[in-house]
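S.K.:
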Amino acid sequence: MYQILTDSECDLPLATLTAGHVTAISFHTKLGDQDLINDFGKSYDINDFYQKIQAGMMPTTTQVNVGEYFEFFKPYVEKKIPMVYVGFSGGLSGSMSSAHQAREMLLETYPNADIRIVDTLAASGGEGLLVLQAIKLQKSGATLDEFVNWFDENKMRLQSWFTVDNLNYLYHGGRISRTSAALGTLLRVKPILDVDPEGKLRLVFKTRTRRKSLFELADKTLAAMQSDPTQPIIVTTSGDFAAAKIVKARIIEKISTADVHIYPIGMTISSHTGFGCVAAFAMGDQIRH
């Protein structure tokens, strides 16, 4: 048997990971003079974090370093347990590079260790859906090779759609220009973003109202669901749960049996989207491009 590993940016509940025997490494965020760890609510109140960024505080994030990954992987290596890390997009964070470096360091001392790394090229609930699939694969008896092959062949079918309520955070994250942020705010523009094939956020198009942007998320998700209407759907938000419920309600209006889950977005991603981000995730039958 092999150990599935992930990180806090999958935005799944800790109970879900525990039930699936998945262990996660925590990302870090600095808010004012506070050094916070995304440990699924054990040491922080995510709603307090949302309130602070809604009030205008700008957090900073740091990638998980090589040493942290080294210590995260090492116990399984020492026990000769094969492992696979299903992690946060390398297109959004240097943490994936740190994971690869830690693997190489461990193989120098333990050349027979079986350490696999899967870059999900996804974030938040998108990464979460792929972790759920990882649990399903393991439970079905998939070998580690079969597990990794499935991800190679299917992870690009993941569809991710985001909208934000405050363009200033996208400006500070380098996603849009200062002029675009100011003009968009003035005109009440709401961007629709997805994740490109390199695992990076990109602006796809814009709508003029918040409600329209939420309906766009739902409609894009519904289109992806046609390949499998019974699949789990994840909707995440950085604090605007009422908006997330609008997305869920529209999906269920069209597919009454839809299995839709709403989860909070963790601190790392919320730091770059600001308060009020809403995202929706589904597996489609088309490769994203």
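Sequential numbering from 0 applies to the sequence shown in numbering that gives the first Met the number 0. Every residue gets a Cβ at the ideal spot worked out from N, C-alpha and C, and that includes glycine.
Does the distance from the CB of I286 to the CB of R156 come in under 8 Å?
M.R.: A contact, by the Cβ cut-off of 8 Å.
S.K.: Quick one: is D6 buried, meaning 16 or more other Cβ sit within 10 Å of its Cβ, or exposed?
M.R.: Flag for D6 reads buried.
S.K.: Can you tell me whether G55 is buried or exposed? The criterion is at least 16 other CB atoms within 10 Å of its CB, across all chains shown.
M.R.: So G55 ends up on the exposed side.
S.K.: Find the nearest neighbour of N289 within the set F87, C9, M82, A133, judged by alpha-carbon distance.
M.R.: No statement about residue 289 is possible, as the shown extent of the chain runs from 0 to 288 and does not include it.
S.K.: Scan the segment 38-103 and note each continuous beta strand (DSSP E) run of 3 residues or more that stays entirely inside, going in chain order.
M.R.: For the segment 38-103, whole beta strand (DSSP E) runs of length 3 or above, ordered along the chain, are 59-61, 82-86.
S.K.: Rounded to a whole number of angstroms, what is the C-alpha to C-alpha distance between A101 and I268?
M.R.: Those two C-alpha atoms are separated by around 23 Å.
S.K.: Looking at the structure shown, is R201 part of a helix, part of a strand, or coil, going by DSSP?
M.R.: Three-state DSSP puts R201 in a strand.
S.K.: Which two residues bound the contiguous alpha helix (DSSP H) that contains L120?
M.R.: Segment: none, L120 is in no alpha helix (DSSP H) and carries neither H nor E.
S.K.: Would DSSP call A257 helix, strand or coil?
M.R.: Note: A257 maps to coil in three-state DSSP.
S.K.: Let me check one thing: in DSSP terms, what residues is K135 bridge-paired to?
M.R.: Bridge partners of K135: none, in fact.
S.K.: Based on Cα-Cα distance, which residue from F280, A281, P263 lies nearest to N46?
M.R.: Of the listed residues, the one whose Cα sits closest to N46 is P263.
S.K.: Using alpha carbons as the reference points, say which of T108, L16, H271 lies closest to D38.
M.R.: D38 has its Cα closest to that of L16, out of T108, L16, H271.
S.K.: Determine the DSSP secondary structure at M282, reduced to helix, strand or coil.
M.R.: Three-state DSSP puts M282 in a strand.
S.K.: Do you know how far the Cα of R209 is from the Cα of M95?
M.R.: Their Cα atoms are separated by approximately 33 Å.
S.K.: Apart from the five residues just before and just after G93, which ones in its own chain have a Cβ nearer than 6 Å to its Cβ?
M.R.: These residues qualify, in order along the chain: Q62.
S.K.: Counting along the chain, where does the alpha helix (DSSP H) carrying I268 start and finish?
M.R.: 266-272 is the extent of the alpha helix (DSSP H) around I268.
S.K.: Could you tell me which of S159, F87, S139, A223 sits nearest to I116, measuring between CA atoms?
M.R.: Comparing Cα positions, the closest option is F87.
S.K.: Is there contact here, the segment 23-31 with the segment 233-253, by at least three beta-carbon pairs under 8 Å?
M.R.: No: fewer than three Cβ pairs fall under 8 Å.
S.K.: When DSSP labels each residue in this structure, what does L221 get in the three-state scheme?
M.R.: Here L221 sits in helix by DSSP.
S.K.: Inspect the CB distances between the segment 135-150 and the segment 238-257 and report whether three or more fall short of 8 Å.
M.R.: The answer is no - the segment 238-257 does not touch the segment 135-150, with fewer than three Cβ pairs under 8 Å.
S.K.: Would you list the residues sitting across from A23 in a DSSP beta bridge?
M.R.: BP columns for A23 point to T5.
S.K.: Can you check DSSP and say which residues form a bridge with D34?
M.R.: K29, per the DSSP bridge assignment.
S.K.: Where does L16 fall in DSSP's three states?
M.R.: In this structure, L16 counts as helix in the three-state DSSP scheme.
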